[in-house]
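**Student:** Pasting in a structure now, in structure tokens, and then I'll have a few things to ask.
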Amino acid sequence: MASIVLGVSGGIASYKAAELLRLLTESGHSVRVVPTESSLHFVGAATWEALSGQPVQVGVFQNVEEVPHVRIGQSADLVLVAPATANTLAKAAHGLADDLLTNTLLTARCPVMFAPAMHTEMWENAATQANVETLRSRGHVVLEPAVGRLTGVDTGKGRLPAPAEIYAAAVNVLAGREQDLMGRRVVVSAGGTREFLDPVRYLGNRSSGRQGFALAEAAVARGASVTVVAANVSLPRPAGVDVVDVVSTEQLREQMHLAAADADAVVMAAAPADFRPAEFVDAKIKKTADGVAPQIHLVENPDILVELVAARTSKRPVIVGFAAETGDATASVIEHARAKLARKGCDLLVVNDVSAGKVFGQEDSEAVLLGADGSVTQFAHGPKSDLAHQVWDAVVQRLD
Ligand code: CTP
Numbered sequence: 003m004a005s006i007v008l009g010v011s012g013g014i015a016s017y018k019a020a021e022l023l024r025l026l027t028e029s030g031h032s033v034r035v036v037p038t039e040s041s042l043h044f045v046g047a048a049t050w051e052a053l054s055g056q057p058v059q060v061g062v063f064q065n066v067e068e069v070p071h072v073r074i075g076q077s078a079d080l081v082l083v084a085p086a087t088a089n090t091l092a093k094a095a096h097g098l099a100d101d102l103l104t105n106t107l108l109t110a111r112c113p114v115m116f117a118p119a120m121h122t123e124m125w126e127n128a129a130t131q132a133n134v135e136t137l138r139s140r141g142h143v144v145l146e147p148a149v150g151r152l153t154g155v156d157t158g159k160g161r162l163p164a165p166a167e168i169y170a171a172a173v174n175v176l177a178g179r180e181q182d183l184m185g186r187r188v189v190v191s192a193g194g195t196r197e198f199l200d201p202v203r204y205l206g207n208r209s210s211g212r213q214g215f216a217l218a219e220a221a222v223a224r225g226a227s228v229t230v231v232a233a234n235v236s237l238p239r240p241a242g243v244d245v246v247d248v249v250s251t252e253q254l255r256e257q258m259h260l261a262a263a264d265a266d267a268v269v270m271a272a273a274p275a276d277f278r279p280a281e282f283v284d285a286k287i288k289k290t291a292d293g294v295a296p297q298i299h300l301v302e303n304p305d306i307l308v309e310l311v312a313a314r315t316s317k318r319p320v321i322v323g324f325a326a327e328t329g330d331a332t333a334s335v336i337e338h339a340r341a342k343l344a345r346k347g348c349d350l351l352v353v354n355d356v357s358a359g360k361v362f363g364q365e366d367s368e369a370v371l372l373g374a375d376g377s378v379t380q381f382a383h384g385p386k387s388d389l390a391h392q393v394w395d396a397v398v399q400r401l402d
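Heads up, the sequence shown is in our numbering, so the first residue is 3 and it goes up one at a time.
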């Protein structure tokens with residue numbers, strides 16, 4: 003089990019760090035809490051001592067004989083700062099060391115992770131963004147804050163991600179995942195689009211968004227800055243991911259083009275509806291007295307994957323498609339997939355065999371990865387998170 007330093011800086015979200023601490027200690031880790039002076043206005047040292055079973059110290063001038071300002075950082079397997087305020091991020095980015103937490107950050111040789119929490123204005127401020135950029139460029143993991151209710155009446159981006167989500171991200175970092183997507187921006191689409199016929203009815207599909215979210219989580223664990231464009235996904239949001247919600251294929255298309263413009267890699271794991279009703283009827287379509295069913299005229303949606311490939315000017319971003327295939331009388335699953343890869347023009351195609359309802363909404367998945375260079379990689383049957391990491395392995399190779 004790991005030795006973790008939990009840095010707590012001074013924001014109202016510091017009460018949530020108590021829950022995070024419990025998750026860490028209950029899974030067997032030894033946690034030393036290092037709060038900042040201002041955080042003690044929100045949660046007192048007694049809470050941290052009782053929950054962690056370890057002494058708590060804020061400054062560097064107590065227990066000097068133990069040289070805590072150096073030892074704590076040196077012996078940690080992970081330093082996790084949650085919540086990380088704008089002030090603490092700034093100090094960390096500039097190497098200031100005026101309390102035990104900032105000294106610990108300077109002496110840590112282990113992975114360092116920040117879970118920022120602040121008001122939207124502070125998060126979006128150019129100074130904070132530059133500090134986040136600096137920290138990420140040094141290999142630190144900085145999670146994206148969540149969007150939601152902030153202190154007072156405000157809502158927006160800046161909320162501390164849920165403790166369980168920070169915990170999951172920390173476990174990934176502790177698992178020693180190489181930070182090979184550090185400094186990279188990746189975009190993943192997830193879920194299934196809906197095309198409305200009238201205000202209450204739509205054409206949709208069975209995609210749950212699980213695979214897309216697993217890809218996003220895996221990319222965060224490897225240090226990437228991740229945007230997920232999520233079409234009707236009702237799963238919990240992965241920590242540290244910027245989630246953009248969409249409903250229709252047209253909205254997915256627009257957001258994917260925006261996000262892909264400066265991305266290093268794009269994965270189209272979403273299932274966009276191939277067709278949409280030619281018209282949207284403003285009022286609910288009623289049954290007719292003569293019992294004649296309405297005819298629905300469909301038109302084809304644009305192929306977002308093909309468009310993203312066409313829009314790139316160089317080999318950036320690396321583009322990955324997904325294909326859910328069934329074999330038929332004309333060709334096998336792989337033959338259909340090879341033809342699709344050629345048609346779409348992407349670099350990699352993850353091929354799922356969906357005969358007999360496999361894959362949709364399930365935890366596990368089984369797939370083959372086809373490369374435009376002719377490569378074929380058979381993935382072992384396993385959780386979607388394993389498949390996600392194997393996809394990123396292939397992407398990383400193509401980034402270098
Ligand atoms: N895709 C897309 N835009 C669409 C349809 C599909 O970007 N309008 C993407 C999917 O996200 C996926 C890949 O294309 O990454 C393959 O999707 P699939 O539905 O298998 O491809 P289709 O071209 O619709 O092929 P098929 O005729 O087999 O349905």
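Virtual Cβ for every residue (Gly too), placed ideally from N, Cα, C.
On the premise that residue 371 lies in contact with residue 392, defined as a C-beta separation below 8 Å, what is that separation, rounded to the nearest angstrom?
**Tutor:** Contact flag correct, Cβ pair sits at about 7 Å.
**Student:** With the cut-off set at 8 Å, would you say residue 246 and residue 239 are in Cβ contact?
**Tutor:** Cβ distance not < 8 Å, so residue 246 and residue 239 don't count as in contact.
**Student:** Taking Cβ positions only, does residue 162 come closer than 8 Å to chain B?
**Tutor:** In the displayed structure, chain B is absent; only one protein chain is listed.
**Student:** To the nearest whole angstrom, what separates the beta carbons of residue 195 and residue 250, a pair I think is in contact under 8 Å?
**Tutor:** Their Cβ separation, rounded to whole angstroms, is 6 Å, which keeps residue 195 and residue 250 in contact under 8 Å.
**Student:** Have a look at 384, 224, 329, 64 and flag the residue whose alpha-carbon is nearest the alpha-carbon of residue 180.
**Tutor:** The shortest Cα separation from residue 180 among 384, 224, 329, 64 belongs to 224.
**Student:** Taking all protein chains shown into account, decide if residue 34 is buried (16 or more other Cβ within 10 angstroms of its Cβ) or exposed.
**Tutor:** That one is buried.
**Student:** Helix or strand or just coil, what does DSSP make of residue 21?
**Tutor:** Correct three-state label for residue 21: helix.
**Student:** Cβ-heavy atom distance between residue 303 and the ligand CTP below 7 Å?
**Tutor:** Because some heavy atom of the ligand CTP lies under 7 Å away, the Cβ of residue 303 counts as near it: yes.
**Student:** Please report the Cβ distance between residue 269 and residue 228, rounded to the nearest whole angstrom; I am assuming they are in contact, meaning their Cβ atoms lie under 8 Å.
**Tutor:** The Cβ separation is near 10 Å, so there is no contact.
**Student:** Contact between the region 115-125 and the region 155-174: three or more CB pairs below 8 Å?
**Tutor:** The region 115-125, when compared against the region 155-174, does touch it at the 8 Å Cβ threshold.
**Student:** Quick check on residue 38: does DSSP put it in helix, strand or coil?
**Tutor:** It is coil, neither helix nor strand.
**Student:** Under the three-state reduction of DSSP, which class applies to residue 115: helix, strand or coil?
**Tutor:** If DSSP states are grouped into helix, strand and coil, residue 115 belongs with the strands.
**Student:** For residue 53, which option in 74, 8, 258, 138 has the closest C-alpha, if you only look at C-alpha atoms?
**Tutor:** That would be 8, whose Cα lies nearest to the Cα of residue 53.
**Student:** Here's the rule: buried if 16 or more other CB atoms are within 10 angstroms of the residue's CB, otherwise exposed. What is residue 186?
**Tutor:** With 16 or more other Cβ atoms within 10 Å, it is buried.
**Student:** Check whether the region 125-133 touches the region 99-116, counting contact only when three or more Cβ pairs, one atom from each stretch, lie closer than 8 Å.
**Tutor:** No, they do not touch.
**Student:** First and last residue of the alpha helix (DSSP H) that includes residue 93?
**Tutor:** Segment 88-96, the alpha helix (DSSP H) holding residue 93.
**Student:** Quick one, are the C-beta atoms of residue 88 and residue 197 less than 8 Å apart?
**Tutor:** No, they are not a contact pair.
**Student:** Let me know the secondary structure DSSP gives residue 361 once reduced to three states.
**Tutor:** In this predicted model, residue 361 has a pLDDT of only 49, less than 50, meaning its place in the structure is not dependable; the value taken from the coordinates is given anyway. Coil at residue 361, not helix or strand.
**Student:** Can you list, in chain order, the residues of its chain whose CB lies under 6 Å from that of residue 335, leaving out five sequence neighbours each side?
**Tutor:** Cβ neighbours of residue 335 beyond the five flanking positions: 327, 329, 355.
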